[in-house]
Structures are given as C-alpha cells and as structure tokens.
Amino acid sequence: MKAIIFICSLLLASNSMSRPISYVGGHTLMANSGAQTDNIYWHYTPNINYSLGLDYQRDKISGEAFPSARLTYLINRKNTATSQRNLYLKTGIGLDNSTNHFYALAGDWETRRLFAGFSAKQVSGMGYELFEQSVKLGIAPYLGAYGDLHTWLMIESKKDNLDDRRITYPVLRFFKGGALIEVGYHKKTDWDVHLMYRF
Amino acid sequence: MKKFLLAALLLAATASQAAHHEMGHMHSHEGHVHDTMVDGQKLSVDAERFDNFVSAVPGDQIVVISVQGMVCDFCARGIEKTFGKDSSVTKIDVDLASGKVLLAYSPDTEIDRASIEKNILNNGLNTTAIQVVEK
Chain A
3 MKAIIFICSL
13 LLASNSMSRP
23 ISYVGGHTLM
33 ANSGAQTDNI
43 YWHYTPNINY
53 SLGLDYQRDK
63 ISGEAFPSAR
73 LTYLINRKNT
83 ATSQRNLYLK
93 TGIGLDNSTN
103 HFYALAGDWE
113 TRRLFAGFSA
123 KQVSGMGYEL
133 FEQSVKLGIA
143 PYLGAYGDLH
153 TWLMIESKKD
163 NLDDRRITYP
173 VLRFFKGGAL
183 IEVGYHKKTD
193 WDVHLMYRF
Chain B
9 MKKFLLAALL
19 LAATASQAAH
29 HEMGHMHSHE
39 GHVHDTMVDG
49 QKLSVDAERF
59 DNFVSAVPGD
69 QIVVISVQGM
79 VCDFCARGIE
89 KTFGKDSSVT
99 KIDVDLASGK
109 VLLAYSPDTE
119 IDRASIEKNI
129 LNNGLNTTAI
139 QVVEK
C-alpha cells in the first residue's frame, strides 16, 4: 500500500511540473494538490544543465509522508528566434527508502503561441514497477507582453501499465511574474491544482 | 460632396498615421538617431518602446541584446533577476515579441559583452547580437 501511495505521489508531482530547470541561482517552489496526495517541492538550479530538489509528499487518506531527493538534467536544448525545445532526464529517490525511485525522459517544444510536451517515466519501489507515458498540447489564446497575465489552454493525455487505459483531460495554465497556477480536471482523478513560484 | 469630403478625411487620417509610424522608426532623441548602433548595425526594436526606455534613463548607456529561445514570460523572469544583481544596470526591459532585452548601464560603465552573453546563457537562452547605442 505504501509503495502504491509513493508511486502515485511521484507521478502526480512530476506530471504537473513545467520547466524543471530555472535560471542559474534560481529557486523554484511548487505545491500540488490532487485527489490522492498533496506535495511541496523545492528545487535549486546551480548550473544551467541541472537542478537539485527536495520533495515532501503526504497521502490524504493514510496521512503517510514520503520525502525524496530529485535531480533533473538537461540533455539537450535548441533555441531559435521563435521557439525553444528541451529534452530532460529526471530522477528521484526516496530519502527514507532508497528502493523507491523513478527516472523519466521528458521533452517540450514551445513558441509564444504553441506548446507540446511529452514524458515517459519508470517508477520502482518495493517490488512494484510502473511505466507511464503522457503528452500535453497547449495553445495561448492571446500573446501577452512581458509582465502581463498569460493564459494557456491545454490538453493532457496519459496512460500507465497499471490501469492500461488512456485518460485525457483539459488543463488551464495561468502565469504572471514569477507565479504560475495550473488546474486540470478529469472525472476519474478529480481536480489537480498546481502552484509554482520562482525566485 | 459629402462622400468626397469623407474620402478626403479618411485619406488624410491614413497619411497622418503612416507618417507617425515612419517617425516612430526614425525618431531622434537628444540629437541621436536610434536606428544606428556604434557597430554600424541597424537597430530592430520597437521604436516607441525604445524611446520610452531611453527617456527614463537619460545619459545612460543603452545595450540591445538579441536573444534566441525567449518565448515564455515565466522563463524570461531570470533575466531581470540576473542583470538586476549588477549595480551598474539601471533599467531592464524584456520584449518577448521581438526577442530583445534592453539594458541601461550607468554612463561610466565599461560594457562587458562576454559577461552579458554569459548572463543570458545562464537563463537558458542564446545571444545572437549585442548592440551598444551610439551616445
């Protein structure tokens, strides 16, 4: 049971994460609330190629807590005048039980108008193995200037080997300044709210 | 006659707007034309935005950085943070639409292009040009 909770919380936390590496010297604080778990995640970017973080997750039903350490490594980035493309390797390991861990390959491509991202993740812990794939597409209904409130209309679709059924649901993303809020809803997983602040 | 007057008014208004637009590109400020850089390159920034920026920091040196990958406001936040730590930088402006960053430096500052480029890179972006406005 503990392992399932841990696996679910890892999935929830990292699915909603956007831009897992900040500017050099930058800190990012995130809070996520879903049907199963709440979590707080902080990461620091010492170098433009990677970020280090700590995650603390609490299961809403059992009340159990799962702290973990995380590393995100930028494999490749391509900047053009109108777009940015990133490829990341993400890993995490349980602080109280090192057999709990995950690794993922994630990528995104973004212009001021369009967004496309994907993630493929393997989660392991206490004998359980889980593989999840997800894609996310988004469009900005208007192009805001620097400092404006920015809005993204997105759709996310994911599938894992435990459920073996694809779920697709709408996501709304808003950000202004260093603050971001993302809200997704699916009848199966209920509301998923993600807050992020970069400083 | 009414139609003729209306057409003339519309033409006059259009011509006026076009002239204003042209002025915007060639507007001079304190005797300097803004579209010429010290390196002889042409400046391609929003003229009105540039004038507003310059008028707020009279006497300062202006640097225009052309940046690749600056597509997201949230991700460009670090530019303000990074350059804001430099005490010689007096004003910062980020223009997502043109992919330009405007920096104002105090008049006696020696512009360090390598440092600027490194700061941009530390935000995950690439510099394609650094232009210093003719004083």
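Residue numbers (our numbering), protein chains in the order written: chain A, 3 to 201; chain B, 9 to 143. Ideal Cβ positions, reconstructed from N, Cα and C, are used throughout, including at glycine. This structure is a prediction, so every number in the text was calculated from the model and none was measured.
Spatial neighbours of residue i in its chain, beta-carbon cut-off 8 Å, leaving aside the 5 residues before and after
i                : result
alanine 122/B    : none
glycine 107/B    : Ser74, Val75, Gln76, Met78
isoleucine 50/A  : Ile23, Tyr25, Val26, Leu76
isoleucine 157/A : Lys138, Leu139, Gly140, Thr170, Tyr171, Pro172, Val173
glutamate 88/B   : Ile100, Val102
C-alpha distance - residue i paired with residue j, whole-angstrom precision
i                   : j                : result
cysteine 80/B       : asparagine 130/B : 16 Å
glycine 55/A        : valine 65/B      : 40 Å
lysine 99/B         : glycine 86/B     : 15 Å
arginine 168/A      : valine 137/A     : 11 Å
isoleucine 183/A    : proline 172/A    : 14 Å
glutamate 66/A      : tryptophan 44/A  : 19 Å
glycine 186/A       : asparagine 78/A  : 28 Å
phenylalanine 117/A : glutamate 134/A  : 20 Å
arginine 21/A       : glycine 67/B     : 38 Å
asparagine 127/B    : aspartate 94/B   : 11 Å
phenylalanine 58/B  : isoleucine 138/B : 15 Å
arginine 87/A       : glycine 119/A    : 9 Å
lysine 123/A        : aspartate 162/A  : 9 Å
valine 97/B         : serine 63/B      : 15 Å
glycine 180/A       : serine 159/A     : 27 Å
aspartate 98/A      : isoleucine 63/A  : 20 Å
tyrosine 113/B      : serine 52/B      : 20 Å
alanine 105/B       : glycine 28/A     : 24 Å
serine 36/B         : leucine 91/A     : The predicted model places serine 36/B with a pLDDT of 40, which falls under 50 and marks its position as unreliable, so this point remains unresolved.
phenylalanine 91/B  : leucine 197/A    : 26 Å
arginine 115/A      : glutamate 118/B  : 38 Å
Chain-order list of residues whose beta-carbon lies under 6 Å from that of residue i (same chain, five-residue window excluded)
i               : result
isoleucine 42/A : Ala33, Tyr58
methionine 34/B : Reliability of the predicted coordinates at methionine 34/B is poor, the pLDDT of 35 falling under 50, and the value obtained from them is presented with this limitation in mind. Answer for methionine 34/B: no residue qualifies.
glutamate 125/B : Thr135
valine 195/A    : Ser35, Val185
Bridge-paired residues (DSSP) for residue i
i                  : result
tyrosine 76/A      : For clarity, residue 76/A is leucine in the given sequence; the question names tyrosine instead. Note: leucine 76/A sits in a beta bridge opposite Tyr90/A.
alanine 108/A      : Tyr90/A, Ser121/A
methionine 156/A   : Gly140/A, Val173/A
isoleucine 66/B    : According to the sequence displayed, residue 66/B carries proline and not isoleucine. Beta-bridge pairing links proline 66/B to no other residue.
valine 140/B       : Val71/B
alanine 112/B      : Ile70/B, Lys99/B
phenylalanine 68/A : Gln59/A
tyrosine 43/A      : Met32/A, Asp57/A
isoleucine 183/A   : Phe176/A, Leu197/A
aspartate 162/A    : Glu134/A
glutamine 76/B     : Asn134/B
tyrosine 52/A      : Asn49/A, Tyr75/A
glycine 96/A       : Ser70/A
aspartate 192/A    : His188/A
Contact set for residue i: own chain, Cβ-Cβ below 7 Å, skip 5 residues either direction
i               : result
alanine 37/A    : Thr191, Asp192
glycine 177/A   : One detail in the question is off: residue 177/A reads as phenylalanine in this sequence, not glycine. Answer for phenylalanine 177/A: His152, listed in chain order.
tyrosine 25/A   : Thr47
glutamate 112/A : Ser85, Gln86
leucine 133/B   : Val75, Gln76, Gly77, Met78
Supposed contact pair residue j and residue i - C-beta distance, whole angstroms, cut 8 Å
i               : j               : result
arginine 200/A  : threonine 30/A  : 5 Å
serine 53/A     : isoleucine 23/A : 5 Å
leucine 110/B   : valine 140/B    : Not really, about 12 Å apart at Cβ, beyond 8 Å.
serine 121/A    : alanine 108/A   : 4 Å
aspartate 103/B : tyrosine 148/A  : 7 Å
threonine 39/A  : arginine 72/A   : 16 Å between Cβ atoms; not a contact.
ask   = Going along the stretch 72 to 85 of chain B in order, which residues come within less than 9 Å of chain A, judged by CB to CB distance?
value = Ser74, Val75, Gln76, Gly77, Met78, Val79, Cys80, Asp81, Phe82, Cys83, Ala84, Arg85
message = Closer than 8 Å between beta carbons: that is the criterion. Which residues of the stretch 97 to 112 of chain A meet it against chain B?
response = Glu112
query = Of all the residues that make up the stretch 148 to 167 of chain A, which are near chain B by a beta-carbon distance shorter than 8 Å?
reply = Tyr148, Gly149, Asp150, His152
Contact set between the stretch 93 to 105 of chain B and chain A, restricted to residues whose Cβ is under 9 Å from the partner = Lys93, Asp101, Val102, Asp103, Leu104, Ala105
query = Taking a cut of 9 Å between CB atoms, which residues from the stretch 172 to 191 of chain A lie near chain B?
reply = Phe177, Lys178, Gly179, Gly180, Ala181, Leu182
Members of the stretch 51 to 83 of chain A that neighbour chain B once the beta carbon cut-off is set at 9 Å = Leu76, Arg79, Lys80, Asn81, Thr82, Ala83
request  = Note down, in chain order, all residues in the stretch 127 to 142 of chain B with a beta-carbon under 7 Å from any beta-carbon belonging to chain A.
outcome  = Leu129, Asn130, Asn131, Gly132, Leu133, Asn134
ask   = Which residues, in order along the stretch 19 to 33 of chain A, keep a beta-carbon less than 9 Å from a beta-carbon of chain B?
value = Ser20, Arg21, Ile23, Ser24, Tyr25, Val26, Gly27, Gly28
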